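Participant: Just passing along the structure, written as structure tokens.
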Amino acid sequence: MNKTSISIALVLALSLTACIDDGEDGQQGADGAAGADGTDGVSVYVTRDDVVTSNANIAYAAYADSLISAQSMRDVLEAFVAEPTESNFTAAKQAWLDSREPYGQTEVYRFRVGPIDALTTDEAGEYILGEEGDGPEGRINAWPLGEALIDYVADTVDGDEGDGLSGSNIIADTTTYPIIDAATISELFEYEGEEANVTTGYHAIEFLLWGQDLNADLTGTGSRDATAGQRTVSDFTNVSGECTSGSDIVADEICTRRGDYLLAAADVLIDDLTTVVEAWEPVTGFHYANFVAGGDTSLALIFEGMGRLSYGELAGERINIALTTDSQEDEHSCFSDNTHRDIFLNAKGVQNSFNASYTRIDGEVVEGASPYDLLVVEGEPELANNLRSALEATMAAATVIDTKAETGTPFDNLIQEGIAQENVVAVIQALDTQTGYIEDSIDALGITTNDIYQDTEEEF
């Protein structure tokens with residue numbers, strides 16, 4: 147994607163916020179000491195429309211980065227499949243990890259009937275927004291994964307048997323699926339109506355690169371260690387007679403088909419991200435145009451996305467369920483042990499939206515008029531600071547989880563302690579607190595949203 151369009155849009159947006167008050171000293175000139183108080187460096191000209199436009203520009207930048215990094219990953223995967231060496235295998239895994247960095251920060255644009263959640267086509271084949279759930283989010287990021295549908299798995303993991311294709315799987319079933327390509331795996335998404343039968347997206351690629359995280363005993367039922375999935379490079383080898391599926395030597399074509407699946411999944415991911423990016427493209431994107439013209443409706447969607455991600459999806463579904471059930475299968479990136487980054491990046495996306503600031507993968511900072519600015523300008527500086535502080539507290543707590551994983555204690559080890567694990571509990575509590583301030587902000591601004599607590603039945 148060309149980055150010129152986002153820069154032009156930012157110039158237009160930022161030009162609206164160029165006049166900055168001089169702080170608390172009051173207006174200068176004839177009024178003297180009797181002048182009105184300033185707004186602590188916040189532009190007195192920030193409007194609701196400015197905030198909406200900034201949010202749209204940042205959404206485009208984050209999704210564009212996700213597409214760019216997915217394309218880069220696809221190139222690395224292609225090199226690995228062509229030459230499946232240990233070094234190329236390591237590079238392929240790193241490319242997947244890198245691709246998750248921008249995408250994790252886009253999750254805040256869900257739960258607001260936007261392109262990621264609701265993109266569909268009309269009878270003429272034109273893209274429109276349908277109902278929540280119509281969009282490509284599931285194909286892009288659905289979890290947990292029904293991995294038995296894709297490739298070999300251990301007989302039991304956390305006590306659950308696999309649910310493959312009548313004892314087989316797509317990669318092994320050369321008769322039913324003689325060709326593995328983007329069309330094949332797309333058609334099998336949510337096979338037989340089961341949401342767990344996920345065949346595409348980031349986590350399908352993750353599973354193919356890491357395999358199941360079975361720990362030292364390779365059954366998934368023994369003592370949990372600090373390693374990620376145990377897939378070996380021989381599962382992709384192009385050396386005749388050395389192809390494996392785990393510990394078993396299998397036909398050479400299985401390794402070829404596994405490589406085909408890896409590239410097909412990357413192709414589907416790129417196609418889905420492309421449609422989302424094009425919908426958000428400044429000036430020409432149909433959703434961008436509608437969103438920036440949406441006034442208070444769009445402003446409400448910004449806060450709704452922040453609240454619903456904070457409470458239901460992140461605190462509830464992504465953290466609390468895994469914590470209270472001590473389930474590796476319920477952690478977001480269970481194959482790669484990258485869940486700590488999911489938590490951190492999702493929380494960061496909420497903070498990005500409130501501060502209207504996002505750092506692109508090339509280091510460019512995209513920023514503009516923020517919800518924080520708007521609360522200050524509309525007479526709610528205390529609430530603005532309370533929410534800002536709450537977001538910072540969440541990031542501090544998420545940083546602890548991130549640091550523990552980077553220093554040898556991944557999320558799946560932490561959750562073995564259950565609700566006694568104070569570092570994980572601290573993240574949940576911080577997210578709960580910030581959601582309360584998001585709700586207060588919605589009330590203070592007089593905007594209308596759907597229930598921001600609706601996405602989980604978890605209690606914490």
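Position one of the sequence shown corresponds to residue 147 (the working numbering), numbered consecutively onward.
Idealized CB from N, CA, C, for every residue including glycine.
Because the structure is a prediction, the values reported are computed rather than measured.
1. Measuring only the C-alpha atoms, how far is G387 from Y348?
2. Report the CB separation of D519 from V192 in whole angstroms; it is logged as a contact under 8 Å.
3. Among the residues of its own chain, which have a CB less than 8 Å from the CB of T231, if the five just before and after it don't count?
4. Whose C-alpha, out of D578, T579, K550, Q580, is nearest the C-alpha of Q567?
5. Alpha carbon to alpha carbon, how far is E552 from D211? Give it in angstroms, no decimals.
6. So within the stretch 196 to 284, which uninterrupted beta strand (DSSP E) runs reach at least 3 residues, ignoring any that extend past its ends?
7. For G308 and D297, I'd like the C-alpha separation in whole angstroms.
8. Can you list, in chain order, the residues of its chain with a C-beta nearer than 8 Å to that of T267? Leave out the 5 residues immediately preceding and following it.
9. Rounded to whole angstroms, what's the CA-CA distance from V423 to Y337? Just pull it up for me.
10. Leaving out five residues before and five after F606 in sequence, what residues of the same chain have Cβ atoms less than 6 Å from its Cβ?
11. Tell me whether L491 is buried or exposed, calling it buried when 16 or more other Cβ atoms sit within 10 Å of its Cβ.
12. Based on the DSSP secondary-structure assignment, which residues constitute the bridge partners of E390?
13. Could you tell me the alpha carbon to alpha carbon distance between W426 and D263, rounded to whole angstroms?
14. Inspect the CB distances between the stretch 235 to 252 and the stretch 212 to 224 and report whether three or more fall short of 8 Å.
15. According to the neighbour-count rule (16 or more other Cβ atoms, all chains shown, within 10 Å of its Cβ), is P324 buried or exposed?
16. List, from N- to C-terminal side, the beta strand (DSSP E) runs of 3 residues or more that fit wholly inside the stretch 437 to 513.
17. Have a look at L529 and Y206 and give me their C-alpha separation to the nearest angstrom.
18. Can you check which of these residues, F500, V511, A374, Y583, is closest to F557 by C-alpha distance?
19. Counting Cβ pairs, one atom from each stretch, are 3 or more of them under 8 Å apart for the stretch 454 to 461 and the stretch 595 to 603?
20. Among T322, L243, N234, T346, which one has its Cα closest to the Cα of E283?
21. What three-state label does DSSP hand S314 in the structure shown?
22. Please list the terminal residues of the continuous alpha helix (DSSP H) segment that includes E333.
23. For the stretch 502 to 516 against the stretch 470 to 480, do three or more pairs of beta-carbon atoms, one drawn from each stretch, fall closer than 8 Å, so that the two count as touching?
24. Please name the residue in C401, L360, A544, V344 whose C-alpha comes closest to that of S482.
25. According to DSSP, simplified to helix, strand and coil, what is L521?
26. Nearest by alpha-carbon distance to G462: which of N287, G271, N343, V571 is it?
27. Expressed to the nearest angstrom, what Euclidean distance is found between the alpha-carbon atoms of A241 and L415?
28. Would you report the Cα separation of L533 and R403, rounded to the nearest angstrom?
29. For the alpha helix (DSSP H) containing W356, name the first residue and the last one.
30. Using the rule of at least 16 other Cβ atoms within 10 Å of the residue's Cβ for burial, across every protein chain shown, is T581 buried or exposed?
31. Can you give the beta carbon distance from V188 to L408, rounded, assuming they're within the 8 Å contact cut?
32. Please go through the same chain and pick out, in chain order, the residues whose beta-carbon is closer than 8 Å to the beta-carbon of D417, but skip the five residues on each side of it.
Facilitator: For this structure:
1. Translated into the one-based positions of the sequence shown, residue 387 becomes position 241. Translated into the one-based positions of the sequence shown, residue 348 becomes position 202. Computed Cα separation, rounded: 30 Å.
2. On the sequence shown, residue 519 is found 373 positions in, with the first residue counted as 1. On the sequence shown, residue 192 is found 46 positions in, with the first residue counted as 1. The pair is a contact, with the Cβ atoms about 4 Å apart (cut-off 8 Å).
3. Working through the sequence shown from its first residue, we reach residue 231 at position 85. Closer than 8 Å at the Cβ level, and outside the excluded window around T231, lie V379.
4. Indexing the sequence shown from 1 puts residue 567 at position 421. Closest by alpha carbon: K550.
5. For the purposes of this step, residue 211 is taken as the residue at position 65 of the sequence shown. For the purposes of this step, residue 552 is taken as the residue at position 406 of the sequence shown. For D211 and E552, the distance between alpha carbons rounds to 24 Å.
6. 265 to 267, 273 to 275
7. As a first step, residue 308 is located in the sequence shown; it is residue number 162 there, counting from the start. As a first step, residue 297 is located in the sequence shown; it is residue number 151 there, counting from the start. Because G308 sits at a pLDDT of 43, beneath the cut-off of 50, its placement in the model cannot be relied upon, and the following sentence gives the value as read from the coordinates. Cα-Cα distance, rounded: 10 Å.
8. In the sequence shown, the residue the question calls residue 267 occupies position 121. Same-chain partners within the cutoff: Y273, I274.
9. Position 277 of the sequence shown, counting from 1, holds the residue named residue 423. Position 191 of the sequence shown, counting from 1, holds the residue named residue 337. Their backbone Cα atoms lie some 27 Å apart in a straight line.
10. Here residue 606 is taken as the residue at index 460 of the sequence shown, counted from 1. If we look at F606 and ignore the five residues flanking it on each side, its Cβ neighbours are N466, I574.
11. Here residue 491 corresponds to residue number 345 of the sequence shown, with the count starting at 1. Residue burial is scored here from C-beta neighbours: L491 has at least 16 other C-beta atoms within 10 angstroms and is therefore classed as buried.
12. Your numbering for residue 390 matches position 244 in the sequence shown. The sequence given here has Thr at residue 390, not Glu. Answer is I395.
13. For the purposes of this step, residue 426 is identified with residue 280 of the sequence shown, where counting begins at 1. For the purposes of this step, residue 263 is identified with residue 117 of the sequence shown, where counting begins at 1. Whole-angstrom Cα-Cα distance: 13 Å.
14. yes
15. By 1-based counting over the sequence shown, the position of residue 324 is 178. It is exposed - the Cβ of P324 has fewer than 16 other Cβ atoms within 10 Å.
16. 503 to 505, 511 to 513
17. As a working note, residue 529 is residue 383 in the sequence shown. As a working note, residue 206 is residue 60 in the sequence shown. The alpha-carbon atoms of L529 and Y206 are separated by roughly 28 Å.
18. If you number the sequence shown from 1, residue 557 lands on position 411. Among F500, V511, A374, Y583, the Cα nearest to that of F557 belongs to A374.
19. yes
20. Position 137 of the sequence shown holds residue 283. Checked all of T322, L243, N234, T346; the closest Cα to E283 is T346.
21. Counting from 1 along the sequence shown, the entry for residue 314 is found at position 168. The answer is strand: DSSP assigns S314 an E or B state.
22. For the purposes of this step, residue 333 is identified with residue 187 of the sequence shown, where counting begins at 1. Counting along the chain, the alpha helix (DSSP H) containing E333 begins and ends at 328 to 333.
23. no
24. Your numbering for residue 482 matches position 336 in the sequence shown. Closest by alpha carbon: L360.
25. Sequence index remark: in the sequence shown, residue 521 carries index 375 (1-based). L521 falls in the helix class under three-state DSSP.
26. As a first step, residue 462 must be located in the sequence shown, where it is residue number 316. Closest by alpha carbon: V571.
27. Here the question's residue 241 lines up with position 95 in the sequence shown. Here the question's residue 415 lines up with position 269 in the sequence shown. Taking the straight line joining both Cα atoms gives about 14 Å.
28. Reading the sequence shown from its first residue, position 387 is the one you call residue 533. Reading the sequence shown from its first residue, position 257 is the one you call residue 403. L533 and R403 have their alpha carbons spaced roughly 50 Å apart.
29. Here residue 356 corresponds to residue number 210 of the sequence shown, with the count starting at 1. Where W356 is concerned, the enclosing alpha helix (DSSP H) stretches over 348 to 356.
30. Residue numbering aside, residue 581 sits at position 435 when the sequence shown is read from its first letter. Result: buried.
31. Residue numbering aside, residue 188 sits at position 42 when the sequence shown is read from its first letter. Residue numbering aside, residue 408 sits at position 262 when the sequence shown is read from its first letter. About 48 Å; that fails the 8 Å criterion.
32. One-based indexing of the sequence shown puts residue 417 at position 271. So the list reads A328, once near-sequence residues are dropped.
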